[in-house]
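Novice: In this note's numbering, the protein residues as written are 778 to 1087.
Below, the structure written as structure tokens:
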């Protein structure tokens, strides 16, 4: 663990305890600190070895569920991108299996994916034929070489988010666009459940953004925020259901772990059957709450589109 708490955005040491949340994988308790200078909330202390907190089943869902997630993401994110104008050059940082880049490639974009390890990059390169680079943004070298950069469900995992945004500004041409998607700490879900919120996901999520703190970080890095979007069919209704189950006393994120294949025998137990029944009962109000929260700009997930200034 590291020691002195300092803000991951403005580097201020003027921080205060915000709340404590438990990791659903290890059971360890982690504190969240809030920066008095810029309002950013972050997990502290940061684990010295984050890899040990990522289980083998992390984000490995049933193929049908993955297909749904992909369709929703293409509709929400890639649809507006296709309307921006002629295809250019796109980079996705932390692209996972690379399916978003593969979709852009089919529409004429020249793409590149960036992953931390060769194992992570292998599927995108071999199965989807997406050009991949293993490492971080410093390996890219040349300035102003991209028209579009995607940071989807990545920024909250990084120990130095402002440094990553600075690198994005360096790599984008003036007028190029950055699309960032992160959980929204200003959401109704968080306000309702606080430490039981499924999307808090400590310690894997090191940064916890509100619209204001994300705007502050983007402006510091040289971006102008173009728009906020809060609709997330793939994560918001599920977030309400799982968060409610957490509040009702079920093991933390049990439904999420079952969907990832780590709790296959759960449904054969009385607790599992009760969870299944409650999931069915909670789904209609979860859909309704999601829609109302989107209209109020209080959705659990926010996608921010920004333009590189200069």
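C-beta: ideal position from N, C-alpha, C; glycine also.
Could you please give me the residues that DSSP links to residue 866 through a beta bridge?
Specialist: Against the chain shown, residue 866 aligns to sequence position 89. For residue 866, which the question treats as bridged, DSSP gives the partners 887.
Novice: Can you have a look at residue 829 and say buried or exposed, based on whether 16 or more other CB atoms are within 10 angstroms of its CB?
Specialist: Position 52 of the chain shown holds residue 829. That one is exposed.
Novice: If we count Cβ pairs, one from each stretch, closer than 8 Å, do we get three or more for the segment 889–899 versus the segment 907–918?
Specialist: yes
Novice: Measuring CA to CA, which of 1074, 1079, 866 is closest to residue 886?
Specialist: Taking the first residue of the chain shown as 1, we reach residue 886 at position 109. Of the listed residues, the one whose Cα sits closest to residue 886 is 866.
Novice: Compute the distance between the beta-carbons of residue 785 and residue 819, then report whether it is under 7 Å.
Specialist: Counting from one through the chain shown, the residue named residue 785 turns up at place 8. Counting from one through the chain shown, the residue named residue 819 turns up at place 42. In this structure, residue 819 lies closer than 7 Å to residue 785 by Cβ.
Novice: Go through its chain and collect everything with a Cβ distance to residue 793's Cβ below 7 Å, but skip five positions before and after it.
Specialist: Looking up residue 793 in the chain shown gives position 16. These residues qualify, in order along the chain: 810, 811, 813.
Novice: By the three-class DSSP mapping on this structure, what secondary structure does residue 1027 have?
Specialist: Counting from 1 along the chain shown, the entry for residue 1027 is found at position 250. In this structure, residue 1027 counts as coil in the three-state DSSP scheme.
Novice: Here's a check: name, in chain order, each residue in its chain whose Cβ is nearer than 8 Å to the Cβ of residue 926, leaving out the five neighbours to either side.
Specialist: Working through the chain shown from its first residue, we reach residue 926 at position 149. So the qualifying residues of the chain are 867, 868, 869, 870, 945, 948, 949, 953, 954, 955, 956.
Novice: Return yes when at least one heavy atom of the ligand NAD lies under 6 Å from the C-beta of residue 1061, else no.
Specialist: No copy of the ligand NAD occurs in the structure displayed, which carries no ligand at all.
Novice: Since residue 799 sits in a beta bridge, which residues does DSSP pair it with?
Specialist: For the purposes of this step, residue 799 is taken as residue 22 along the chain shown, with counting starting at 1. DSSP output for residue 799 lists 806 as bridge partner(s).
Novice: Determine the direct distance from the alpha carbon of residue 1025 to that of residue 874, and round the result to whole angstroms.
Specialist: Within the chain shown, the letter at position 97 stands for residue 874. Within the chain shown, the letter at position 248 stands for residue 1025. Approximately 34 Å, taken between the alpha carbons.
Novice: Specify the secondary structure class of residue 957 as computed by DSSP and reduced to three states.
Specialist: Counting from 1 along the chain shown, the entry for residue 957 is found at position 180. Of the three classes helix, strand and coil, the one that applies to residue 957 here is strand, per DSSP.
Novice: Quick one: Cα of residue 1035 to Cα of residue 1086, how far?
Specialist: On the chain shown, residue 1035 is found 258 positions in, with the first residue counted as 1. On the chain shown, residue 1086 is found 309 positions in, with the first residue counted as 1. Using only the alpha carbons, I get a separation of about 44 Å.
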